[in-house]
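Undergrad: In order, the protein sequence lines correspond to chains C and U. At position 384 of the first sequence the residue is numbered 384 (the working numbering), and the sequence of numbers has no breaks. At position 106 of the second sequence the residue is numbered 106 (the working numbering), and the sequence of numbers has no breaks. Beta carbons: idealized from backbone N, C-alpha and C, even for Gly.
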Amino acid sequence: MMNSVILLSAVLVLNVCSASQLLSVISPTESSRLAGLFQGKYSDLESAYYSITGLKSLTSGGAIGSAETESACSLVSAADASSITSLGFAGQIYKEIQTSCKHTFSQESIDFAVSQLESGNVQTLHSAIAFLTGVGQEVDSAAVVEALSKAVKGDNSVLSSALALSAASMLPKGANLDDFLSTVDIEDMAAQADEVDSKYLHFENSLDITSKFLTAVFSLSEVSGQAPVLSSIQHSLPVSQMIQLTNYVLRSKNSASTVKEASLILQPLGKIVASKHVTLAKSEVVSGTAISENRPNIQLLFSNLFSQPIENLNVKADAIIRASDNDLLISDAPLHFDGLRLYELKVWASKPKSGFYDVSLSIASSGGKTLVGLSSLEFRVKVTAKIVLRNVQLGTVEKEQTTGTLKNINYPGKMTAFKADRQQRVVMKFQIEDQTSGSLITPHQTFIRFEHRATGKDIVFVAEADRSSTYKFEVDLSVAGKDQFHSNSGLYSISLIVGDATISNPIFWNFSDVTLKLGEEASKSQSAMETLYTQKPEIRHMFREPEVRPPTVVSQAFTVAVILPLVLLLIGWKSVGANLNGMSFAPKNLIFHAGLGGIFVLYYFFWTKLNMFVTLQYLFGLGAVTFVFGNLVLSEMANSPRN
Amino acid sequence: MSSESAYSVVAKFMEDYQVKTSQKLKIIDLYLGYILITGVIQFVYCALVGTFPFNSFLSGFISCVSSFVLGVNLRLQVNPENAKEFKSIAPERAFADFLFAHVVLHLVVVNFIG
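1. Sort out for me which residues DSSP pairs G481 (chain C) with in a bridge.
2. Three or more C-beta pairs closer than 8 Å, one from the region 557-572 of chain C and one from the region 597-607 of chain C: is that the case here?
3. By the three-class DSSP mapping on this structure, what secondary structure does F508 (chain C) have?
4. So Q23 (chain U) contacts chain C; which residues on that side make the cut at Cβ distance below 7 Å?
5. Sort C:K386, C:D325, C:Q226 by Cα distance to T370 (chain C) and report the nearest one.
6. Give the residues of chain C in contact with V110 (chain U), contact being defined as C-beta atoms less than 7 Å apart.
7. Taking Cβ-Cβ distances shorter than 8 Å, what residues in chain C pair up with A90 (chain U)?
8. Can you list, in chain order, the residues of its chain with a C-beta nearer than 7 Å to that of G481 (chain C)? Leave out the 5 residues immediately preceding and following it.
9. In the DSSP assignment, find the unbroken beta strand (DSSP E) run with Q299 (chain C) in it and report its ends.
10. For L237 (chain C), count neighbouring Cβ atoms within 10 angstroms of its own Cβ and tell me buried if that reaches 16, exposed if not.
11. For the region 584-599 of chain C, which residues have a CB atom closer than 8 Å to at least one CB atom of chain D, in sequence order?
12. Out of C:S331, C:L496, C:D358, which has the shortest C-alpha to C-alpha gap to N410 (chain C)?
13. What's the C-alpha gap between N55 (chain U) and V19 (chain U)?
14. Run down chain C in chain order and give the residues with a C-beta less than 8 Å from the C-beta of F52 (chain U).
15. Using a Cβ-based criterion (distance less than 6 Å to any ligand heavy atom), does P228 (chain C) qualify as near the ligand SAH?
16. For S331 (chain C), I'd like the list of residues in its chain whose CB is within less than 8 Å of its CB, leaving aside the five on either flank, ordered along the chain.
17. Using the three-state DSSP reduction, which class does S231 (chain C) fall into: helix, strand or coil?
18. Can you list the alpha helix (DSSP H) stretches of 4 or more residues lying completely in the region 67-135 of chain C, in chain order?
19. Short of 6 Å in beta carbon distance, which residues of its chain neighbour A190 (chain C), apart from the five on each side in sequence? Order them along the chain.
20. Looking at the secondary structure, which residues open and close the beta strand (DSSP E) in which G50 (chain U) lies?
21. Hey, would you say G91 (chain C) sits closer than 7 Å to F131 (chain C), going by beta carbons?
22. Would you say F558 (chain C) lies against chain U (beta-carbon separation less than 7 Å)?
23. Assuming H452 (chain C) and G490 (chain C) form a contact by the criterion Cβ under 8 Å, report the distance between their Cβ atoms to the nearest whole angstrom.
24. Rounded to whole angstroms, how far is the Cβ of N79 (chain U) from the Cβ of L32 (chain U), which I believe are closer than 8 Å?
25. Using the beta-carbon count (16 or more within 10 Å), is L165 (chain C) buried or exposed?
26. Classify D111 (chain C): buried if its beta carbon has 16 or more other beta carbons within 10 angstroms, exposed otherwise.
27. By alpha-carbon positions, which one of C:Q445, C:V388, C:T396, C:K414 ends up nearest to Q431 (chain C)?
28. Given 8 Å as the limit, is there contact between the region 266-284 of chain C and the region 296-311 of chain C, that is, 3 or more CB pairs closer than that?
29. Is any beta-carbon of chain U found at less than 7 Å from that of G519 (chain C)?
30. Taking the C-alpha atoms as reference points, what is the distance between Q267 (chain C) and L280 (chain C)?
31. Between which two residues does the alpha helix (DSSP H) holding P334 (chain C) run?
32. Are three or more beta carbon pairs between the region 340-356 of chain C and the region 454-463 of chain C nearer than 8 Å?
33. Any beta carbon of chain C sitting closer than 7 Å to that of Y17 (chain U)?
34. Using 7 Å as the limit for Cβ to Cβ distance, is P646 (chain C) near chain U?
35. If you draw a straight line from the alpha carbon of Y533 (chain C) to that of V553 (chain C), how long is it in whole angstroms?
36. Which residues of chain C have a Cβ atom closer than 9 Å to the Cβ of Q77 (chain U), listed in chain order?
Shown next as structure tokens:
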């Protein structure tokens, strides 16, 4: 025992650097929602069991009401003595409520349970042990442990191993579990789990198995007095795996709707919070990102799985360094616990210069428990400052000259309006001072804005500081008048705009008005940006124009013109002496000529009505006829004596 | 003879033509002339009013051109002076070919004319 304490102390500051972090905790609202599921009369023994164990796991708000106790008690009394599972539930419920529930279990049920201690089934053994230890009956630990080892050897799934571990941890202290633990190796079991995203670890994506496993590991640790998580100690869980298993269990905290689910979530969490060896913490920077006169301290909250603050932590600020110039503000400063919830460090008191600071903290446990899930923290804070304007001067300078008359203005006053025209330059000088440190600063945004009163148009210029952090701003109106002011003369109000992420009182100060005379109005040529949003000409869809056709007269005239040569041909043929004297009106001749004519009539109909397929069909027929008869006619002609 | 002008050449040609060409050939020549004039008129029309619809113009014009070609072929095959080259083809056979070719030509022309 001493050895383990020394070992633990040695591990105090030396933390197992795990990539895993606790992703969430049970908030008070979630806790009361889950507790709400456990209220009311219970309908059966199993839901009574889960509700009672769930309520017992909560560190606050988990009191078991009288209605619940009564309901549970009556269910326990009516437990079915022939079912070892029911007896198991009944025994565990009875253990929790025995002060308010008077019930004696019959000897039959006890004998029955004892007989079940020889079973080879882990579930049965678990229920039997749960019942007997719950009612305070003595059991032979050695025999029971042996039976458990045998049963686990028969069924070495993670669920049965987890149940066996839970059962073993229910046995009275002093039982020798070494042999048993070599059979049921926690590390081996953990290796069977599946990792998701290096954030979650689960067994077969089952809340039941994962929860029971985690609960079993911690129950065992309670009984054996050894830490459940340290990779250097035997029979324990690696830290990262424990955190990932917890993350997985927490995943369903908002979707759990049955008492069983809610109880399975709360049981391992309750065991972890109650553990004497481990502190599982989640950190939160309560003071936010900004340090200022109103918020002068960095405040941190470390909460356990039920959002309760954790005390007894050594939190130390290793360094607070300014990001822009690596200026070390604070180093090696411990944070003080305010007695209630928060660990605080005073920052404003060190009079920091404004800017962004990187804070690195290291956290260690001081109470003998191992701190898990948290060893160092790094985050950024900004220190904001109040600024003050100094030595503000404004005036006009003639174009050729270098200095002119400048008047002093006191912030937040206003100077009398003045005039300027194209021959002059408007000049302004000022300094910006950090009120806390008294040094001059150059914020990110320093603008001079001219607003044309009549049109509302504004022109913004950037003011730049020289080496000594004095801002000098100049507008040469002969150039700017055309370019930026677009020759819009008239009354302008000038404002100074100062802003920065680290300034807590940004300035927008209308310090003067100026009437600018900028010459004749330039033609209002609108820039592309200005015309971007004006209304564009409407586009109308234009249907395709039909092609231009010649006038009807022309086309008809040419139709006639094309027919005309035929007439000429006939006349010509006549004059040459062509005649139809050799024409015979024999049937075959007639049919031949009719066939030919028919083909051309068919072509006319093809042009007007028919399609190619139909035409071809007709043509085939007509063509065949014409061919046959043509053959006859022409061969007759060929064979007749030539004239 | 160099003193002969183009006019006298043409006049002689015309005279010879009238005398020497057979009636059959003259008939065919007139036919060819007719086809030629028709084609020219179609072309002038197209040049005047534009090519829309182009397929119709092409169809008509090519009809004329092809008919002319077929007519020339017929003339060649029917001309007794060329009988030596076309021994196996009787004039009637040439005419039958002429008709068949026209049937096919006009099918295509009517299809394309649109």
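TA: The relevant details are as follows:
1. According to DSSP, which records beta bridges pairwise, G481 (chain C) is partnered with nothing at all.
2. No: the two stretches stay apart, fewer than three of their Cβ pairs being nearer than 8 Å.
3. Here F508 (chain C) sits in strand by DSSP.
4. The contacting residues are V576, G577.
5. It is C:Q226 whose Cα lies nearest to the Cα of T370 (chain C).
6. One finds Y603, F606, W607 in chain C with Cβ atoms closer than 7 Å to the Cβ of V110 (chain U), taken in chain order.
7. Proximity of chain C to A90 (chain U) at the Cβ level (cut-off 8 Å) is accounted for by A638, in chain order.
8. Scanning its chain for C-beta atoms nearer than 7 Å, with the 5 sequence neighbours on each side dropped, one finds around G481 (chain C) the residues R422, S487, L518, G519, in chain order.
9. Note, Q299 (chain C): beta strand (DSSP E), 297-303.
10. When all chains shown are included, L237 (chain C) counts as buried.
11. Looking at the structure shown, chain D is missing, and the protein chains on hand are C and U.
12. Residue C:L496 is the option with its Cα nearest to N410 (chain C).
13. When rounded, the distance between both Cα atoms is 43 Å.
14. Those are E547, V548, R549, listed as they occur along chain C.
15. No copy of the ligand SAH occurs in the structure displayed, which carries no ligand at all.
16. Cβ neighbours of S331 (chain C) beyond the five flanking positions: A317, D318, A319, I320.
17. Annotation note: pLDDT 49 at S231 (chain C) (below 50); position unreliable, no value reported.
18. Counting whole runs of 4 or more residues, the region 67-135 of chain C contains the alpha helix (DSSP H) stretches 84-97, 107-116, 122-135.
19. Contacts found: L237, Q241.
20. Boundaries cannot be given for G50 (chain U), as no beta strand (DSSP E) includes it and DSSP labels it neither H nor E.
21. Judged by their CB atoms, G91 (chain C) and F131 (chain C) are nearer to each other than the 7 Å cut-off.
22. Put simply, the CB of F558 (chain C) is near chain U, with a gap under 7 Å to one of its CB atoms.
23. The distance from the Cβ of H452 (chain C) to that of G490 (chain C) is about 6 Å, consistent with a contact at the 8 Å cut-off.
24. Going by Cβ atoms, the distance from N79 (chain U) to L32 (chain U) rounds to 13 Å, so no, they are not a contact pair.
25. Under this definition L165 (chain C) is a buried residue.
26. So D111 (chain C) counts as exposed.
27. Nearest C-alpha to Q431 (chain C): C:V388.
28. With a cut-off of 8 Å on Cβ pairs, the region 266-284 of chain C is in contact with the region 296-311 of chain C, counting three or more such pairs.
29. No, its Cβ sits nowhere closer than 7 Å to a Cβ of chain U.
30. C-alpha separation (whole angstroms): 15 Å.
31. If you look at P334 (chain C), you'll find it isn't in any alpha helix (DSSP H); it sits in the beta strand (DSSP E) that goes 328-334.
32. Because the criterion of three Cβ pairs below 8 Å is not met, the region 340-356 of chain C and the region 454-463 of chain C do not touch.
33. Output row for Y17 (chain U): interface = no.
34. Since the first residue of chain C shown is 1 and the last is 643, residue 646 (chain C) is not available in this structure.
35. Roughly 53 Å between the two C-alpha positions.
36. Listed by position along chain C, the residues whose Cβ is nearer than 9 Å to that of Q77 (chain U) form an empty set, because the closest Cβ is around 13 Å away.
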